[in-house]
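Undergrad: Here it is, the structure, as structure tokens.
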């Protein structure tokens with residue numbers, strides 16, 4: 100029974116990590132393939148999408164901040 104509990108925790112954690120990665124990938128794809136808009140409007144959209152993902156507990160606030168920083172660099176051409 101103890102081994103079963105470990106397996107359940109592993110699957111649960113793996114699934115949660117996969118969900119976060121999937122949410123981030125979907126967000127990135129929606130940003131990259133969206134029609135060109137001015138940088139400020141795109142960054143506002145990114146911020147709103149990430150805030151919603153945090154609200155839905157799909158990602159943490161720290162993950163959202165790091166991801167928003169990376170996307171802002173790409174949108175503004177700062178690679």
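In this note's numbering, the protein residues as written are 100 to 178.
Ideal Cβ placement from N, Cα and C applies to all residues, glycine included.
Only a predicted model underlies this, so the values are computations on that prediction, with no experimental measurement involved.
1. Identify, in the order they occur along the chain, each residue of the same chain with its Cβ nearer than 7 angstroms to the Cβ of residue 160, setting aside the five sequence neighbours on each side.
2. If you follow the alpha helix (DSSP H) that residue 170 is part of, which residue opens it and which one closes it?
3. Thinking C-alpha only, which one of 156, 157, 163 is nearest residue 144?
4. Taking the alpha-carbon positions, what's the residue 171 to residue 124 distance?
5. Could you tell me if residue 126 is buried or exposed, where buried requires 16 or more neighbouring beta carbons within 10 angstroms of its beta carbon?
TA: Once the coordinates are examined:
1. 153
2. 160 to 174
3. 163
4. 16 angstroms
5. buried
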